[in-house]
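Working notes, beginning with the structure itself.
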Amino acid sequence: MRSTCWLTALAMWASVLCGTSVGADGAPDPIREGWQYVRYYEFDRAEPYFREVLETAEANSDRWKEATFGLAVSLHHKRPPTASAIQEAAKLFRELAEKDPNEKFAPRALMNLARIHELRDYFQDVIELDKARAIYRKVIESYGDRPIVDEAVLRLAQSHINTFQTDQVNQGVKVLTDWLAKHPENSLAGLMWVYLGDVYFYPLGDSARCVAAYVEADRRNSLEPGQEGVFYWRIANLADSKLNNRDLAIVYYTKLITEVPSQGKGYQSQLALKRLGVPEEQIPNLEWAPKPKEREQMVRQAPTTQEVAQQ
Numbered sequence: 000m001r002s003t004c005w006l007t008a009l010a011m012w013a014s015v016l017c018g019t020s021v022g023a024d025g026a027p028d029p030i031r032e033g034w035q036y037v038r039y040y041e042f043d044r045a046e047p048y049f050r051e052v053l054e055t056a057e058a059n060s061d062r063w064k065e066a067t068f069g070l071a072v073s074l075h076h077k078r079p080p081t082a083s084a085i086q087e088a089a090k091l092f093r094e095l096a097e098k099d100p101n102e103k104f105a106p107r108a109l110m111n112l113a114r115i116h117e118l119r120d121y122f123q124d125v126i127e128l129d130k131a132r133a134i135y136r137k138v139i140e141s142y143g144d145r146p147i148v149d150e151a152v153l154r155l156a157q158s159h160i161n162t163f164q165t166d167q168v169n170q171g172v173k174v175l176t177d178w179l180a181k182h183p184e185n186s187l188a189g190l191m192w193v194y195l196g197d198v199y200f201y202p203l204g205d206s207a208r209c210v211a212a213y214v215e216a217d218r219r220n221s222l223e224p225g226q227e228g229v230f231y232w233r234i235a236n237l238a239d240s241k242l243n244n245r246d247l248a249i250v251y252y253t254k255l256i257t258e259v260p261s262q263g264k265g266y267q268s269q270l271a272l273k274r275l276g277v278p279e280e281q282i283p284n285l286e287w288a289p290k291p292k293e294r295e296q297m298v299r300q301a302p303t304t305q306e307v308a309q310q
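When we follow numbering that gives the first Met the number 0, the leftmost residue of the sequence shown carries the number 0, and every step to the right adds one.
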């Protein structure tokens, strides 16, 4: 998964936490101020606010836990990364997870600690994959009823796949396929199918499984918005040139013309359909913009400026 996905999720979480800690006297609350800066990725400016809270907060209180988590997040993500900041962040995440593993911050603290072990954050930082994987497994075993477990499964699989060693890649794939077999509708199932498709395409070079995974992701409407054409083109080409699956190739060449005509493969898809023997009258025309009546309907359904302001 892209790092921006985690940062976006972090910003959304910060938006929620901004409203959870308001000073009783109405004065600006340092925790709230700190989360405001986290929300905009200004981690260096958030850090002193969380430290201020920890100077007076009662140990193990809810306020202490929230400030500890906020400080750890700020230290983990501020730029430029330093050994001292990352080591302090790891210490705080570990402390949070050990104090009360059932608290709301504990599973995320463990996930962040695992990422610290998994990734190289600064010059001469040491990657410790075994430690990271052990923590991901701990999350999977300890929080079975929470969506974060699905993320831990995906991270565990990635920790194997990203080595690009064939046996490790296959082990990572097995982690995902086993989980999907047991939890087919888990919170990240669609993303897992997309990722499996990517891995089957490269480095494994398994065209049949690649296409099957992408088709399943498409069935779940889980392809990346705005990038559907990339996947449709890959499915169509593999079905056409590698799998000798004419019917599936026709389906996805057609989708490239009718569903994503502006993503650059419409004309080539028309040529491919001709080559596959589709009668010319059955090959869709490229529609670059909505027809007048459709455009009128879209405008009529769009909210007015006043309606948007009132929402």
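Just so you know, even glycine gets a beta-carbon here, dropped at the ideal spot from N, CA and C.
Using a 10 Å radius around the Cβ and a threshold of 16 neighbouring Cβ atoms, would you call residue i buried or exposed?
{"i": "D177", "result": "exposed"}
{"i": "S20", "result": "Low confidence applies to S20: its pLDDT is 49, below 50, so where it sits in the model is not reliable, and the reading given next is rough at best. Counting Cβ neighbours within 10 Å, S20 comes out buried, since at least 16 surround it."}
{"i": "I126", "result": "exposed"}
{"i": "L270", "result": "exposed"}
{"i": "K313", "result": "Since the first and last residues shown for the chain are 0 and 310, residue 313 lies out of range."}
{"i": "P260", "result": "buried"}
{"i": "F68", "result": "buried"}
{"i": "I234", "result": "buried"}
{"i": "H159", "result": "buried"}
{"i": "N111", "result": "buried"}
{"i": "F92", "result": "buried"}
{"i": "F163", "result": "exposed"}
{"i": "D28", "result": "buried"}
{"i": "Q305", "result": "Residue placement at Q305 is poorly supported in this model, since its pLDDT is 49, which falls under 50; the coordinates still yield a value, given next. So Q305 counts as exposed."}
{"i": "E65", "result": "buried"}
{"i": "Y36", "result": "buried"}
{"i": "Y39", "result": "exposed"}
Taking residue i as the reference, which of the options has the closest Cα?
{"i": "V72", "options": "R62, D246, E87", "result": "E87"}
{"i": "F311", "options": "D205, Y40, F200, R93", "result": "This structure gives no information on residue 311, because the portion of the chain shown stretches from 0 to 310."}
{"i": "L285", "options": "A207, E41, L255", "result": "L255"}
{"i": "L187", "options": "E227, D205, V168, R145", "result": "R145"}
{"i": "G276", "options": "P260, P47, E258, R245", "result": "R245"}
{"i": "V152", "options": "T162, Q226, I134, Q164", "result": "I134"}
{"i": "N220", "options": "E41, G204, M191", "result": "M191"}
{"i": "L74", "options": "P100, I139, A56, Y121", "result": "Y121"}
{"i": "L70", "options": "L222, E97, P100, E32", "result": "E32"}
{"i": "G263", "options": "V37, Y40, G225", "result": "G225"}
{"i": "R132", "options": "A96, R50, G171, P183", "result": "G171"}
{"i": "R114", "options": "E65, D129, S268", "result": "D129"}
{"i": "S60", "options": "P47, K98, A45", "result": "K98"}
{"i": "V214", "options": "F49, K181, G228", "result": "G228"}
{"i": "P79", "options": "F42, L222, Y142", "result": "F42"}
The alpha helix (DSSP H) with residue i in it runs from where to where?
{"i": "R145", "result": "Here R145 belongs to no alpha helix (DSSP H), and DSSP marks it neither H nor E."}
{"i": "D177", "result": "165-181"}
{"i": "P47", "result": "42-55"}
{"i": "A26", "result": "Here A26 belongs to no alpha helix (DSSP H), and DSSP marks it neither H nor E."}
{"i": "K264", "result": "Where K264 is concerned, there is no enclosing alpha helix (DSSP H), given that its DSSP letter is neither H nor E."}
{"i": "N236", "result": "227-240"}
{"i": "T253", "result": "245-257"}
{"i": "L74", "result": "61-76"}
{"i": "S206", "result": "206-218"}
{"i": "Q86", "result": "82-98"}
Please confirm if residue i has its CB atom under 9 Å from at least one CB of chain D.
{"i": "Y121", "result": "Of the protein chains in this structure there is only one, and it is not chain D."}
With a threshold of 8 Å, establish whether the CB of residue i neighbours any heavy atom of the ligand NAP.
{"i": "E280", "result": "You won't find the ligand NAP in this model; it holds no ligand whatsoever."}
### Query
Do the stretch 76-90 and the stretch 98-105 meet, that is, are 3 or more Cβ pairs less than 8 Å apart?
no
### Query
Is there contact between the stretch 237-251 and the stretch 191-198, where contact requires at least three CB pairs shorter than 8 Å?
no
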